[in-house]
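A quick write-up on the structure given underneath.
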Amino acid sequence: MQHSIPAPAPESTQPLGTLSLLRRDPAASIATLFLVVMVGATVFVAPALQDAAESTDLRGRNAPPFDLERDWQFFLGADALGRPILPRILVAARNTLLIAGCSVLLALGIGGGLGLIAGYSRGAISPLLMRMADIIMSFPSLLLAVIVLYMLKPSILNLVIVLSITRIPVYLRATRAEVMEIRQRMFVQAAAVMGASHLRIILTHILPIVLPTLLTIATLEFAFVVLAESALSFLGIGIQPPEITWGMMVAQGKPYLVQAWWLSFWPGLAIILTTLSLTLLSNWMRLAFDPAQRWRLEQ
Amino acid sequence: MSSRLRRRLLSSLLSLVALVVIVFFLSRLTGDPSALYLPLAASEEARENFREVNGLNEPLLVQFGHFATDIVRLDFGESLRTSRPALEMVLEAFAWTLQLAVLTITLVIVAATVIGSLAAFNVGGAFDRVATVMSLIGASAPDFWIAIIGILVFSIGFGWLPTSGTGTVWHWILPIAVLFIRPFGLITQVVRNAMIAALHAPYTKTARAKGAGSRRIIFGHALRNASLPIVTVVGDQAAGMLNGAVIVETIFGFPGVGKLMIDSILMRDFSVILASIVVTAIAILLMNMLIDLIYAALDPRTRT
Chain A
-1 MQHSIPAPAP ESTQPLGTLS LLRRDPAASI ATLFLVVMVG ATVFVAPALQ
49 DAAESTDLRG RNAPPFDLER DWQFFLGADA LGRPILPRIL VAARNTLLIA
99 GCSVLLALGI GGGLGLIAGY SRGAISPLLM RMADIIMSFP SLLLAVIVLY
149 MLKPSILNLV IVLSITRIPV YLRATRAEVM EIRQRMFVQA AAVMGASHLR
199 IILTHILPIV LPTLLTIATL EFAFVVLAES ALSFLGIGIQ PPEITWGMMV
249 AQGKPYLVQA WWLSFWPGLA IILTTLSLTL LSNWMRLAFD PAQRWRLEQ
Chain F
959 MSSRLRRRLL SSLLSLVALV VIVFFLSRLT GDPSALYLPL AASEEARENF
1009 REVNGLNEPL LVQFGHFATD IVRLDFGESL RTSRPALEMV LEAFAWTLQL
1059 AVLTITLVIV AATVIGSLAA FNVGGAFDRV ATVMSLIGAS APDFWIAIIG
1109 ILVFSIGFGW LPTSGTGTVW HWILPIAVLF IRPFGLITQV VRNAMIAALH
1159 APYTKTARAK GAGSRRIIFG HALRNASLPI VTVVGDQAAG MLNGAVIVET
1209 IFGFPGVGKL MIDSILMRDF SVILASIVVT AIAILLMNML IDLIYAALDP
1259 RTRT
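In order, the protein sequences belong to chains A and F. At the far end of the first sequence sits residue 297, using my numbering, and the numbering has no gaps. At the far end of the second sequence sits residue 1262, using my numbering, and the numbering has no gaps.
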C-alpha cells in the first residue's frame, strides 16, 4: 500500500518509523509530551501528595497563586479550606484519568468485539446489534448518564459503567463498517479457502487492520469521556466527596469566584489542556495510521 | 414516505419504548420506588401509605401495565415540589430550551459555514490556521468552565452582562455564547474538510473548465455537495445541544428543561424527571425525522 503512493519527499527512501514521524509534527509532539508528563505525575508523584492535598490550613484560605514566599505546593494558590491546589489537581487527576481510562477500555473492548462480530457474521445478529446501538445513540449521552446515575447511586464503578455504555455504539459502528469492507478482500477469502477458522480469520487477519482505527477513535473518545465525567461531577451527580476530580474542583471553586478566581480556573485549565492534547494526538494518529494519508506527515 | 424515513420512525419509536422500559425497571429494581418518589425524610407510615395508594404491592408486570398506560396517555402525575401537573411544567420549561437551542444552532450553522468555507479556500493560510486552532480549542473546552470564566470576565470583571435569569436580551448573550462554542468548533472542522474535498472533486474541475463563475462553483456545486456531511453533524450536534443545555441552564439559572431535570433529580421529584425524559425523547425523535427529510431533499440518491 505504502509504496504505491508517490512519495513527495525524495530524500527519504524508506518510510519513517512512527516515533520519528511524531517528532516531525510539533503540535502532536507537545500533546504527547504533555500527556506523558500528566500520566507520569499522576502515577509517581500524586500518591506522595495525598496527605498534602487533604491538609487544611484555615489561616491560608483562598491563598493567591504565584506566591513565592510559600512552599512550591502553594504555587497555584490554596482553596477555601487552605488546601494547596497544585497537589489537589494531581490527586484529582488520578480519579479523572482512572474513570476515563476504564470507561474507554471497557467501551473499546465491548464495542470493538461486538463490531467484529456484527461486521463478520451474515446472520441476524448484525441488524439486532445495530438497532440496539441506534437506541443508545438516539438519546443525548449526558442526559442518559444523568438519568441512570440518579437511579443507581453515584460511585466510581457506576460512573465507569454509564460512561462506557453510552459510548459503545461509537466503536461498534466504526468497527462494523470497516470489517464489512475487509471481509470482501482477497486475503480473507484466501485464508478461508485454506481452512482457517472464523476465530483465526477475525483475530489474525481482520483485527490488525481495524485496530489502528479503533485506537484513533479511543483517543478522541478519551477526551469526550473526560469532559462528560467532569460535567457530571460538576453537576454533583458524578463522583462524591471526599473523592475529587477536576470537574468537582471547578464546582467547589464556583461560590468563591469573586474573591478567588484561581479555585475554578486551574482545574478547568487542566481539563482543557488534557482534552486538547488528546484531540491533537488523535488527529495525528488518523493520518499516521492511514497508509493513503501517511505521506502528508512525511513531507 | 421514503423507506429511510419509515425505518427511522420505527427505530425511534423502538428506542422510546426501550427507554421507558429501562427507566421503569431501573426505578423498580434498584430498591424501593417510594424512596424515588418521596422525600428522604418521609416516615415509614407515609411510605406504606404511598405504596398502597400507588399499587406498588402488586406484581411487577401489572405495575408496568399501569405505568405504560399512564405514559401513553401522557399522564405523569403531579410534581412533589409544586403540586402542578408534571407535563405542564416540562412543556413550559421546554419552550425556553427550544428558543435557546434554535437561536444557538442557527448562529452556529451560519458562522461555521462561513468560517469553515473561508478556511477551505486557502488551506494552510493564516486564516485557515487561526480558524483551525480556534475550532480545536472550542471543541475540547469544558462548557461549564467556559461559562464560569464568562461570568468572571463579563459579569464580575467588566460588569456588562447579568449572571443569571432571563429578563432582558442581555441575559441571553452568555448562555448562547457558551452553548455555541463546542458545536461551532466541531461543525467548522466538518465544513472545512467537506469543502476541501468538494473543491478538489472532479465535478468542480468540470464546472471550472466549462467556465462557470466562482460564485456558481461555490454555491451551485461545492457547497451543495459538501452540505450532506454538514447536515449529518448538525443533526448530531442539535440533539447534543440538550447535553449543553443541562450545564448552561444550571449555571445561568435559565428556566429550561435541563435545569428542571437537574433540580428535580436533586429534589427527588420523579414524576417531573419521567415527564422530561419522555418529552425530550419525543423532541429528539421529531428532530431526527426532520434531518432525514432535509437529507432527502438534498441528496437525490436517498429519495427512492
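Think of the CB as a built atom: it goes at the ideal place given N, C-alpha and C, for glycine as much as any other residue.
I'd like to check one pair, residue j with residue i: are the Cβ atoms closer than 8 Å?
| i | j | result |
| --- | --- | --- |
| F/Gly1074 | F/Met1153 | yes |
| A/Glu176 | A/Val102 | no |
| A/Ile134 | A/Ile163 | yes |
| F/Glu1036 | F/Ala1044 | yes |
| A/Leu308 | A/Leu127 | This structure leaves residue 308 of chain A out entirely; chain A is present only between -1 and 297. |
| F/Ala1196 | F/Met1245 | yes |
| F/Val1215 | F/Thr1055 | yes |
| A/Trp260 | A/Leu88 | no |
| A/Gly99 | A/Pro152 | no |
| A/Met36 | A/Thr272 | yes |
| A/Ala26 | A/Leu278 | yes |
| F/Ala1077 | F/Arg1150 | yes |
| A/Ala143 | F/Ile1205 | no |
Can you list the residues of chain F that residue i reaches, using a CB-CB cut of under 7 Å?
| i | result |
| --- | --- |
| A/Ile133 | Leu972, Ser973 and Ala976 |
| A/Phe232 | Phe1102 |
| A/Ile269 | Pro1100 and Trp1103 |
| A/Ser119 | Chain F residues near A/Ser119: none, gap ~20 Å exceeds 7 Å. |
| A/Ala216 | Here the premise fails: no neighbours, minimum Cβ distance about 16 Å. |
At least one CB of chain F closer than 8 Å to the CB of residue i: is that the case?
| i | result |
| --- | --- |
| A/Arg22 | no |
| A/Ala188 | no |
| A/Pro4 | With a pLDDT of 49 at A/Pro4, under the threshold of 50, the modelled position of that residue is not reliable, and the figure given next carries that caveat. No, its Cβ sits nowhere closer than 8 Å to a Cβ of chain F. |
| A/Trp282 | no |
| A/Thr273 | yes |
| A/Thr277 | yes |
| A/Val248 | yes |
| A/Gly266 | yes |
| A/Leu225 | yes |
| A/Met178 | no |
Hey, is residue i's beta-carbon within less than 8 Å of any beta-carbon in chain A?
| i | result |
| --- | --- |
| F/Met1153 | no |
| F/Ala1097 | yes |
| F/Gly1123 | no |
| F/Ile1240 | no |
| F/Ile1145 | no |
| F/Val981 | yes |
| F/Thr1208 | yes |
| F/Ser1093 | no |
| F/Ile1029 | no |
| F/Leu1186 | no |
| F/Ile1176 | no |
Residue i touches chain A at which residues, Cβ-Cβ below 9 Å?
| i | result |
| --- | --- |
| F/Ile1235 | Phe137, Leu141 and Ile145 |
| F/Ile1205 | Leu140, Ala229, Phe232 and Leu233 |
| F/Val1230 | Neighbours of F/Val1230 on chain A: none; closest Cβ ~12 Å, over 9 Å. |
| F/Met1219 | Leu141, Val144 and Ile145 |
At a cut-off of 7 Å, is residue i close to the ligand ATP when judged by its beta-carbon and the heavy atoms of the ligand?
| i | result |
| --- | --- |
| A/Thr272 | This structure lacks the ligand ATP, and indeed carries no ligand of any kind. |
Evaluate residue i with the Cβ neighbour count: other Cβ atoms within 10 Å of its Cβ, from every protein chain shown; 16 or more gives buried, anything less gives exposed.
| i | result |
| --- | --- |
| A/Pro265 | buried |
| F/His1179 | buried |
| F/Val981 | buried |
| A/Asp55 | exposed |
| F/Tyr1161 | exposed |
| A/Arg22 | exposed |
| F/Ser970 | buried |
| A/Met184 | exposed |
| A/Ile166 | buried |
| A/Asp77 | buried |
| A/Leu233 | buried |
| A/Leu225 | buried |
| A/Arg86 | buried |
| F/Arg1259 | exposed |
| F/Phe1102 | buried |
| F/Arg1087 | exposed |
| A/Val146 | buried |
| A/Ala44 | buried |
Across which residues does DSSP place residue i in a beta bridge pair?
| i | result |
| --- | --- |
| F/Glu1036 | F/Pro1043 |
| A/Ala370 | Within the shown structure, residues of chain A are numbered from -1 to 297, placing residue 370 of chain A beyond reach of any answer. |
Give the residues of chain A in contact with residue i, contact being defined as C-beta atoms less than 7 Å apart.
| i | result |
| --- | --- |
| F/Ala1165 | Simply none; closest approach about 26 Å. |
| F/Ile1109 | Leu255 |
| F/Ala1197 | Pro138 |
Residue i versus chain F: which residues are under 8 Å apart at the beta carbon?
| i | result |
| --- | --- |
| A/Trp259 | Leu1110 |
| A/Tyr148 | Ile1223 and Ile1231 |
| A/Arg174 | Correct list: empty, because the minimum Cβ distance to chain F is about 16 Å. |
Using a Cβ cut-off of 9 Å, pull out every chain F residue sitting near residue i, in sequence order please.
| i | result |
| --- | --- |
| A/Met36 | Neighbours of A/Met36 on chain F: none; closest Cβ ~15 Å, over 9 Å. |
Can you list the residues of chain A that residue i reaches, using a CB-CB cut of under 8 Å?
| i | result |
| --- | --- |
| F/Ser1075 | Those within 8 Å of F/Ser1075 in chain A number zero; the least Cβ separation is about 20 Å. |
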